[in-house]
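Student: The sequence shown begins at 7 in this note's numbering and counts up by one. Even for Gly, the Cβ is constructed at its ideal location relative to N, Cα and C. Predicted model only: the values in this text are computed from it and were never measured. This is the structure, below, for whatever I ask next.
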Amino acid sequence: MKITTALAGAALAALPLAGTATATTSSPTEAAHVRLTVTRTTTDGLSTTGTIWLDCPGREGTGHPHRASACTDVDAADGDFDQLPGRDHALCSNDTVAVTATAQGTAEGRTVHWQQTYESDCHLTLATGDVFAF
Numbered sequence: 007m008k009i010t011t012a013l014a015g016a017a018l019a020a021l022p023l024a025g026t027a028t029a030t031t032s033s034p035t036e037a038a039h040v041r042l043t044v045t046r047t048t049t050d051g052l053s054t055t056g057t058i059w060l061d062c063p064g065r066e067g068t069g070h071p072h073r074a075s076a077c078t079d080v081d082a083a084d085g086d087f088d089q090l091p092g093r094d095h096a097l098c099s100n101d102t103v104a105v106t107a108t109a110q111g112t113a114e115g116r117t118v119h120w121q122q123t124y125e126s127d128c129h130l131t132l133a134t135g136d137v138f139a140f
């Protein structure tokens with residue numbers, strides 16, 4: 007009986023520490039540090055690749071050209087790139103260049119290893135908003 011009471015007391019004493027650790031993990035100063043890559047491949051097999059870091063929060067004028075809106079989208083998706091809000095509309099051409107977007111790093115306290123291929127830049131924008139607009 008004494009052992010059970012001692013263990014219950016230890017578990018209750020640990021609860022405030024667990025809450026503190028959780029709050030520290032999702033600190034706004036470490037919201038996102040993600041390497042974004044976009045590879046465009048034409049029908050003749052030629053490809054180009056661009057890479058940039060998205061740091062949220064970060065300093066204005068450094069890194070991602072649409073950092074504020076991209077960070078807002080990553081935050082809204084709670085770091086889950088499959089849940090990015092994207093856009094309701096975009097200006098599209100008839101280009102059929104396959105676009106592969108990749109994200110590697112950390113966002114909202116989780117490790118990110120994400121990749122998706124879209125049939126065009128238009129579809130990428132509709133799905134991911136400003137996150138891959140660089």
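Take R46 and list the residues in its own chain whose beta-carbon comes closer than 6 Å to its own, dropping the five residues that flank it on each side.
Tutor: Here residue 46 refers to the residue found at position 40 when the sequence shown is read from its first residue. The residues are T54, V103, V105.
Student: Within a Cβ cutoff of 7 Å, which residues of the same chain sit near F138, ignoring the five residues on either side of it in sequence?
Tutor: The residue labelled residue 138 in the question sits at position 132 within the sequence shown. Hits under 7 Å: L42, V44, A107, L130.
Student: Quick one: what does DSSP say D61 is sitting in, helix, strand or coil?
Tutor: Residue mapping note: residue 61 aligns to position 55 of the sequence shown, counting from 1. D61: strand per DSSP, three-state reduction.
Student: Is the separation between the beta-carbon of T112 and that of A38 shorter than 8 Å?
Tutor: One-based indexing of the sequence shown puts residue 112 at position 106. One-based indexing of the sequence shown puts residue 38 at position 32. Going by C-beta atoms, T112 is nearer than 8 Å to A38.
Student: At the level of alpha carbons, what is the spacing between G56 and F140?
Tutor: Reading the sequence shown from its first residue, position 50 is the one you call residue 56. Reading the sequence shown from its first residue, position 134 is the one you call residue 140. Going from the Cα of G56 to the Cα of F140 covers about 8 Å.
Student: If we count the other Cβ atoms within 10 Å of its Cβ and call it buried at 16 or more, is H70 buried or exposed?
Tutor: By 1-based counting over the sequence shown, the position of residue 70 is 64. Burial call: buried.
Student: So for S53, helix, strand or coil by DSSP?
Tutor: Residue numbering aside, residue 53 sits at position 47 when the sequence shown is read from its first letter. The answer is strand: DSSP assigns S53 an E or B state.
Student: To the nearest angstrom, how far is the alpha carbon of L97 from that of S126?
Tutor: Counting from 1 along the sequence shown, the entry for residue 97 is found at position 91. Counting from 1 along the sequence shown, the entry for residue 126 is found at position 120. Their Cα atoms are separated by approximately 12 Å.
Student: Inspect the beta-carbon positions of G92 and V118 and report whether they are closer than 8 Å.
Tutor: On the sequence shown, residue 92 is found 86 positions in, with the first residue counted as 1. On the sequence shown, residue 118 is found 112 positions in, with the first residue counted as 1. No. Outside cutoff.
Student: Kindly indicate which residue of L52, T48, V80 has the alpha-carbon position closest to the one of C62.
Tutor: Counting from one through the sequence shown, the residue named residue 62 turns up at place 56. Measuring from the Cα of C62, the nearest candidate turns out to be V80.
Student: Around the Cβ of L52, are there at least 16 other Cβ atoms within 10 angstroms (buried) or fewer (exposed)?
Tutor: Residue numbering aside, residue 52 sits at position 46 when the sequence shown is read from its first letter. L52 should be labelled exposed.
Student: So what does DSSP say about T28, is it helix, strand or coil?
Tutor: Taking the first residue of the sequence shown as position 1, residue 28 is located at position 22. A caution first: T28 carries a pLDDT of 32, below 50, which makes its placement in the model too unreliable to give a value.
Student: Which residue marks the beginning of the beta strand (DSSP E) containing H119, and which one marks its end?
Tutor: What you label residue 119 is simply residue 113 of the sequence shown in a count that begins at 1. Segment 116 to 124, the beta strand (DSSP E) holding H119.
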